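Asker: Protein chains in written order, with my numbering: chain A, 1171 to 1576; chain B, 2 to 255.
Note that CB positions come from ideal geometry on N, CA and C, so glycine has one too.
Nothing here was measured: the structure is a model prediction, and the numbers come from that model.
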């Protein structure tokens, strides 16, 4: 995790020049009486280092530590236990759900695919949730990873795990090649990434060196149980990556760039590098997922790993659970892909209907995804806030929190 | 990052006699066929504040945008501490010790006030001491540090924009119409802040329409019209200057 640099020594600047008091007129919304600012006031700059001025914000830690660590911020968790809980818990839940799942539903192929979808949804979370770029062609990285891993096994006899890593590498290289697409914005980017994935598909499905005509067929490099273990580990890794993105200065930079690239650049953030990093992280995750899928599937034609439905599902799963959260995409994938398994295979027409209605409901009532229900103040939908207030009779405390007082 | 230099004000102002902190030489910017800036030159030393005035569309904000790396110039050079920084991106200039505020404040929505400031990578080169109380304390926003930006008033957003710029510990600060839309009390507060920054050795370029505000802050002004500098000198002299008056009030009839 990149440290934002050593906390600068706090020095008394020049007496009055650096003197600071809390409670400025603007903050209070009250015009100051008497024009002259407070140069004449007794300089308080002689206060010991790092001492918060009297009457500062309740979280006096803000000013001195603000630059050193994002976690010193008042909005963040206070104790390290809670902070580490926030970091470790999502990973434990992700891995735990997948680890227990075979006891509940013994269909290892389905569960492996579920884990793969969780990874894809987390990849979408990184690129869409944190940078705002919506890659409809995300499946291209999945396909690149699937083919990278497969070809390395078939042509070069790579062992299973190395082949998976190679798949991730190949997807990362494609991510680098396609990074200039990030110059586009909005729908243009979405369509260009879609086009790029289609180009990859047509090349792969026609070239002899990718076995386009005959289809890919892999020897068994990993048993299905081994593949599942790898898939679960990968899902845990994806969750961990998102924890890092959420909590690091890098993640804060991404959110800033998403909000306003010009202003973010003026804050010293290299906008191009930040976006490209997120893009590559998300590409590599998809590539690794593609590798796992290829090893599991063993025999396939290009149309399957380059199927646009994969992009769409990954996006829907991520949005359904809630982007910019760690567990949202994981649980979105769990809920919706299980639903797919439950009715999608036997009654595809009802399934489409239910999916459609769910997506409608999501857009109308939960634009922030399922996880916005438990999100921080300001994230929660207004109707839910009302509901919670009514039901739990906590109107006053909840309102205070919403206003940022507590 | 090197350890912060212990000394500040005195050294900085001594150095300022030798060379200006920010030197803009013959800066031009064209948008297609429209010449927004032609051959503008400007010098600001440590502890000095230069006002930039002119009617709407005269190129003030364009000048700030070009100097701060938002636009690339069509010609001319920008020197920071004598170093050529022409055409560098904003993030690099930020780390070299140049920063700015935005005419329409652009705090980062969805982030809290404190996050907006914590985000900033402070300049590596700057010898400026850290503001006591931090940037938020300095501008007086520490009470609302945990609030979301969307909950701030427009005046508070302007202060946050200033705090964001100060968090980078700039040596040169370009201030783009910080006073616009503020009430008289807020104006005095902001003018006081800028004066304190100037007194602490920061070099300021202040774009502003409000003469009363400028009077409190700047030493000299440069008047722009149609992308050209038509006057340089004392603010009072500028107000008395025939060309300047013409530009603002139209040509004298009769």
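#1: Consider the Cβ of residue 120(B): report whether some Cβ of chain A lies at a distance smaller than 8 Å.
#2: Grab me the residues of residue 1497(A)'s own chain with a C-beta within less than 8 Å of its C-beta, minus the 5 sequence neighbours each way, in chain order.
#3: Looking at the strands, I want to know which residues DSSP matches up with residue 221(B).
#4: Between residue 1422(A) and chain B, is there a C-beta pair that is closer than 8 Å?
#5: Measuring only between beta-carbons, confirm whether residue 225(B) sits less than 8 Å from chain A.
#6: Measuring only from the beta carbon, is residue 228(B) closer than 7 Å to any heavy atom that is part of the ligand ADP?
#7: At a CB-CB cut-off below 8 Å, which residues of chain B make contact with residue 1297(A)?
#8: Using a threshold of 8 Å, state whether the C-beta atoms of residue 176(B) and residue 206(B) are closer than that.
#9: Using a Cβ-Cβ cut-off of 6 Å (strictly less than) and excluding sequence neighbours within five positions of residue 1494(A), which residues of its own chain qualify?
#10: Just confirm the distance between the C-beta atoms of residue 120(B) and residue 98(B), as a whole number of angstroms; I'd bet it's less than 8 Å.
#11: Residue 1439(A) versus chain B: which residues are under 8 Å apart at the beta carbon?
#12: Going along chain A in order, which residues have a C-beta closer than 9 Å to the C-beta of residue 112(B)?
#13: Just to confirm my understanding: we take residue 37(B), look at its own chain, exclude 5 residues before and 5 after, and list those with CB closer than 6 Å. What are they?
#14: Report the neighbours of residue 46(B) on chain A: residues whose CB is nearer than 8 Å to its CB, in chain order.
#15: Answer yes or no: does any C-beta atom of chain B fall closer than 8 Å to that of residue 1432(A)?
#16: Output needed in chain order: residues of the segment 28–41 of chain B with a Cβ under 7 Å from some Cβ in chain A.
#17: Can residue 1385(A) and residue 1521(A) be called in contact, C-beta distance under 8 Å?
#18: Report yes or no: do the segment 1366–1385 of chain A and the segment 1312–1324 of chain A share at least 3 C-beta pairs separated by less than 8 Å?
#19: Would residue 89(B) pass as a contact of residue 208(B) if the rule is Cβ separation under 8 Å?
#20: I'd like the list of long-range same chain contacts for residue 1303(A), defined as Cβ closer than 6 Å, with 5 residues on each side in sequence excluded.
#21: Opposite residue 1(B) in the DSSP bridges: which residues?
#22: For a contact meaning CB atoms closer than 9 Å, what does residue 164(B) contact in chain A?
#23: Could you tell me whether the Cβ of residue 1435(A) comes closer than 8 Å to any Cβ of chain B?
#24: In chain A, which residues lie less than 9 Å from residue 155(B) when you measure between Cβ atoms?
#25: So, are the CB atoms of residue 1341(A) and residue 1484(A) less than 8 Å apart?
#26: Indicate whether the contact test is met: 3 or more Cβ pairs, each with one atom in the segment 1413–1428 of chain A and one in the segment 1508–1524 of chain A, closer than 8 Å.
#27: What does residue 204(B) touch in chain A if you count any residue whose Cβ is under 7 Å from its own?
#28: Along the chain, where does the alpha helix (DSSP H) that runs through residue 1276(A) open and close?
#29: With residue 25(B) as the anchor, note down where its beta strand (DSSP E) starts and where it stops.
#30: Can you pull out the residues from the segment 55–78 of chain B whose beta carbon lies closer than 8 Å to at least one beta carbon of chain A?
#31: Over what stretch of residues does the beta strand (DSSP E) that includes residue 177(B) continue unbroken?
#32: Are residue 123(B) and residue 165(B) closer than 8 Å when you measure CB to CB?
#33: So, at 6 Å on beta carbons, what are the nonlocal neighbours of residue 1347(A) in its own chain, with the 5 sequence-adjacent residues on each side left out?
#34: Using 10 angstroms around the beta-carbon of residue 1530(A), count the other beta-carbons present and answer buried if the total reaches 16, otherwise exposed.
#35: Under the assumption that residue 167(B) contacts residue 195(B) (Cβ atoms under 8 Å), give the Cβ distance between them as a whole number of angstroms.
Answerer: With the given structure in hand:
#1: The residue given as residue 120(B) occupies position 119 in the second chain. Closer than 8 Å: yes.
#2: Taking the first residue of the first chain as 1, we reach residue 1497(A) at position 327. 1260, 1263, 1264, 1409, 1491 and 1541, listed in sequence order.
#3: To locate residue 221(B), count along the second chain from 1; it is residue 220. Note: residue 221(B) sits in a beta bridge opposite 51(B) and 235(B).
#4: Taking the first chain and counting its residues from 1, one reaches residue 1422(A) at position 252. Chain B places a beta carbon closer than 8 Å to that of residue 1422(A), counting this residue as a contact.
#5: Translated into positions along the second chain, residue 225(B) becomes position 224. Residue 225(B) does not count as touching chain A.
#6: Here there are no bound small molecules, and the ligand ADP is not part of this structure.
#7: Within the first chain, the letter at position 127 stands for residue 1297(A). Near residue 1297(A) there are no residues of chain B at all, since even the closest Cβ is about 17 Å away, more than 8 Å.
#8: For the purposes of this step, residue 176(B) is identified with residue 175 of the second chain, where counting begins at 1. For the purposes of this step, residue 206(B) is identified with residue 205 of the second chain, where counting begins at 1. Yes; because the gap between Cβ atoms is below 8 Å, this pair is in contact.
#9: The residue given as residue 1494(A) occupies position 324 in the first chain. When the five nearest sequence neighbours on each side are left out, the beta carbons in the same chain lying within less than 6 Å of the beta carbon of residue 1494(A) are those of 1299, in order along the chain.
#10: Residue numbering aside, residue 120(B) sits at position 119 when the second chain is read from its first letter. Residue numbering aside, residue 98(B) sits at position 97 when the second chain is read from its first letter. Their Cβ separation, rounded to whole angstroms, is 18 Å, which puts residue 120(B) and residue 98(B) out of contact at 8 Å.
#11: Within the first chain, the letter at position 269 stands for residue 1439(A). Neighbours of residue 1439(A) on chain B, chain order: 92, 120 and 122.
#12: To locate residue 112(B), count along the second chain from 1; it is residue 111. Per Cβ cutoff of 9 Å: 1422, 1425, 1426 and 1429.
#13: Along the second chain, read from residue 1 onward, the residue named residue 37(B) stands at position 36. Cβ within range, chain order: 30, 60, 63 and 228.
#14: What you label residue 46(B) is simply residue 45 of the second chain in a count that begins at 1. Under the 8 Å cutoff, chain A gives no residues; its nearest Cβ is about 17 Å from residue 46(B).
#15: As a working mapping, residue 1432(A) is identified with position 262 in the first chain. Yes, contact with chain B.
#16: Residues of the segment 28–41 of chain B with a Cβ closer than 7 Å to any Cβ of chain A: none.
#17: Taking the first residue of the first chain as 1, we reach residue 1385(A) at position 215. Taking the first residue of the first chain as 1, we reach residue 1521(A) at position 351. No, Cβ-Cβ distance for residue 1385(A) and residue 1521(A) is not below 8 Å.
#18: Because the criterion of three Cβ pairs below 8 Å is met, the segment 1366–1385 of chain A and the segment 1312–1324 of chain A touch.
#19: As a position in the second chain, residue 89(B) is number 88, starting the count at 1. As a position in the second chain, residue 208(B) is number 207, starting the count at 1. Contact: no.
#20: Position 133 of the first chain, counted from the first residue, corresponds to residue 1303(A). Setting aside the 5 residues that flank it on each side, residue 1303(A) is surrounded in the same chain by 1297 and 1359, each with a C-beta closer than 6 Å to its C-beta; the list follows chain order.
#21: A query on residue 1(B) cannot be resolved here, the shown segment of chain B reaching from 2 to 255 and no further.
#22: Start at 1 with the first residue of the second chain, and residue 164(B) comes out as number 163. Within chain A, no residue has its beta carbon less than 9 Å from that of residue 164(B); the closest one is some 10 Å off.
#23: In the first chain, the residue the question calls residue 1435(A) occupies position 265. Interface residue (Cβ-Cβ distance to chain B less than 8 Å): residue 1435(A) is classified as such.
#24: By 1-based counting over the second chain, the position of residue 155(B) is 154. The premise fails here: residue 155(B) is roughly 10 Å from chain A at the closest Cβ pair, so nothing lies under 9 Å.
#25: As a working mapping, residue 1341(A) is identified with position 171 in the first chain. As a working mapping, residue 1484(A) is identified with position 314 in the first chain. Against a cut-off of 8 Å, the Cβ pair of residue 1484(A) and residue 1341(A) comes out as no contact.
#26: Verdict: no, contact absent.
#27: Residue 204(B) sits at position 203 when you count from the first residue of the second chain. Ordered by position in chain A, no residue passes the 7 Å Cβ test against residue 204(B), which lies about 14 Å from the chain.
#28: Numbered from 1 along the first chain, position 106 holds the residue referred to as residue 1276(A). Neither: residue 1276(A) is in no alpha helix (DSSP H) and is coded neither H nor E.
#29: Here the question's residue 25(B) lines up with position 24 in the second chain. 23–32 is the span of the beta strand (DSSP E), which, as asked, contains residue 25(B).
#30: Close to chain A, meaning a Cβ-Cβ distance shorter than 8 Å, are the following residues of the segment 55–78 of chain B: 69, 70 and 71.
#31: Numbered from 1 along the second chain, position 176 holds the residue referred to as residue 177(B). Residue range 173–177 is occupied by the beta strand (DSSP E) that includes residue 177(B).
#32: As a first step, residue 123(B) must be located in the second chain, where it is residue number 122. As a first step, residue 165(B) must be located in the second chain, where it is residue number 164. For residue 123(B) and residue 165(B), no; Cβs fall outside 8 Å.
#33: Position 177 of the first chain, counted from the first residue, corresponds to residue 1347(A). The beta carbon of residue 1347(A) is closer than 6 Å to none in its chain, skipping five residues each way along the sequence.
#34: Looking up residue 1530(A) in the first chain gives position 360. It counts as exposed.
#35: As a first step, residue 167(B) must be located in the second chain, where it is residue number 166. As a first step, residue 195(B) must be located in the second chain, where it is residue number 194. Actually they do not touch by this definition, with Cβ atoms about 11 Å apart.
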